[in-house]
Amino acid sequence: MKTAFSAPGDYIYFKSQVPLHKIPIGTKQWRYYDFGPKVVPPLICLPGTAGTADVYYKQIMSLSMKDYRVISVDIPRVWNHHEWIQAFEKFLDAIDVHHMHLYGTSLGGFVAQLFAQHRPRRVWSLIPSNSFLDTCSFSASMPWAPVVSWTPSFLLKRYVLMGIRDGPHEPFIVDSVDFVVSQVETLSKDVLASRLTLTVDAASVGPLLLSDSFITIMDTNDYCAIPQQLKHDVYCVGISLLWAIFQFRLAATLLVDLLMTLKS
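Per UniProt numbering, the very first residue in the sequence shown carries number 1; after that it's consecutive.
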């Protein structure tokens, strides 16, 4: 990684064109960008543990030019998944968004799935990227989780940055890595502690009411901080769902054929 970070020119342009919104809702401070036509249901983007609303600036600029509304949101300081669902719903009410397409990467993908599970009427489609279905693995690998809220900021940042691999990359990937690292430096101790707590808080994604045709699972061929097996679990659930649907339709077809035979 570079020792000094210089903000990309397109990010500087983005900041000059798209205002950053900050609104308090109860005890939560929400930080987000909202760009594009307000007459269409938005695509809401949730970052991972190391991300901020700013990490989606390229997507905001690109998609808004195609008449999509994109809202990129920081995950605020919440300490468990029930608190997240309630807080996010209050945020949506405050900005007058009743239905949306929901995208999230890593931790953002996990909490997006949880919200879609518990508030299915608000989510029109779901796009988890490099995500996971439960927190058991993270809880087992983070035995110091009970003291995370007392851990110094520099240690929390060091722990988060361990998930960002350094080494030879294509130039655009190097720039992206440097940008994410710069965003980690902007996160407060409490926000980092709360996000790490979310990754170990006992929770799992249950059955979703969304049709499988409205769920798109995204993955990367490059290195990812989420273990490969956890990402595979997301695919396995999707495959199991499709297999169950196939079996049900096959059984229904055989039953119809049997009834037609008996009738004749």
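Positions of the beta carbon are idealized from the N, C-alpha and C atoms, including for glycine.
For the beta strand (DSSP E) that contains residue i, what are its first and last residues?
i: Leu126; result: Val123 to Ser129
i: Asp96; result: Counting along the chain, Asp96 falls outside any beta strand (DSSP E), and DSSP gives it neither H nor E.
i: Lys28; result: Lys28 to Phe35
i: Ile44; result: Leu43 to Leu46
Would you grab the beta carbon distance between residue i and residue j for me? Rounded to a whole angstrom, and I think it's under 8 Å.
i: Arg195; j: Ile75; result: 6 Å
i: Gln183; j: Gly51; result: 6 Å
i: Val205; j: Thr49; result: Contact doesn't hold; Cβ gap of about 17 Å is too wide.
i: Val55; j: Pro47; result: 5 Å
i: His98; j: Arg122; result: 7 Å
i: Met218; j: Ile85; result: Met218 to Ile85, Cβ: 22 Å. No contact.
i: Val70; j: Gln59; result: 6 Å
i: Phe214; j: Ser141; result: Phe214 to Ser141, Cβ: 33 Å. No contact.
i: Val35; j: Ser64; result: One point to set straight first is that residue 35 is Phe, not Val, in the sequence displayed. Yes, Phe35 and Ser64 are in contact; Cβ-Cβ is about 5 Å, under 8 Å.
i: Ser149; j: Ala193; result: 5 Å
Around the Cβ of residue i, are there at least 16 other Cβ atoms within 10 angstroms (buried) or fewer (exposed)?
i: Asp212; result: exposed
i: Gln17; result: exposed
i: Asn80; result: exposed
i: Phe154; result: exposed
i: Thr135; result: buried
i: Thr199; result: buried
i: Ser240; result: For Ser240, the predicted structure reports a pLDDT of 41, less than 50, and the residue's modelled location is therefore unreliable. A value from the coordinates is still provided. By the 10 Å Cβ count, Ser240 comes out exposed.
i: Thr186; result: exposed
i: Gly26; result: exposed
i: Ile12; result: exposed
i: Ile23; result: exposed
i: Ser129; result: buried
i: Leu262; result: Its pLDDT being 39, under 50, Leu262 is placed unreliably in this model, and the value from its coordinates should be taken loosely. Under this definition Leu262 is an exposed residue.
i: Ile44; result: buried
i: Ala112; result: buried
Give the secondary structure of residue i by DSSP, where H, G and I count as helix, E and B as strand, and everything else as coil.
i: Ile23; result: strand
i: Met218; result: strand
i: Trp144; result: coil
i: Lys157; result: helix
i: Ile226; result: With a pLDDT of 49 at Ile226, under the threshold of 50, the predicted position of this residue should be treated as unreliable, though the coordinate-derived value follows. Note: Ile226 maps to coil in three-state DSSP.
i: Asp67; result: coil
i: Ser211; result: coil
i: Ser204; result: strand
i: Ser176; result: helix
i: Val111; result: helix
i: Thr261; result: For Thr261, the predicted structure reports a pLDDT of 38, less than 50, and the residue's modelled location is therefore unreliable. The matter cannot be settled from this model.
i: Leu102; result: strand
i: Ser6; result: coil
i: Asp54; result: helix
i: Val181; result: helix
i: Ile239; result: With a pLDDT of 40 at Ile239, under the threshold of 50, the modelled position of this residue cannot be trusted; read the value that follows with caution. Residue state, collapsed to three classes: helix.
i: Glu89; result: helix
Assuming residue i is part of the alpha helix (DSSP H), what are its boundary residues?
i: Val200; result: Lys189 to Val200
i: Ile12; result: Gly9 to Gln17
Kindly indicate if chain D contains any beta-carbon less than 8 Å away from that of residue i.
i: Val40; result: Going by chain labels, chain D is absent from the structure shown, which holds only one protein chain.
Evaluate contact between the stretch 137–146 and the stretch 118–127, counting only Cβ atoms and requiring at least three cross-stretch pairs below 8 Å.
-> The stretch 137–146 is not in contact with the stretch 118–127.
Pairing CB atoms from the stretch 90–100 with CB atoms from the stretch 23–39, are three or more of them under 8 Å?
-> The stretch 90–100, when compared against the stretch 23–39, does touch it at the 8 Å Cβ threshold.
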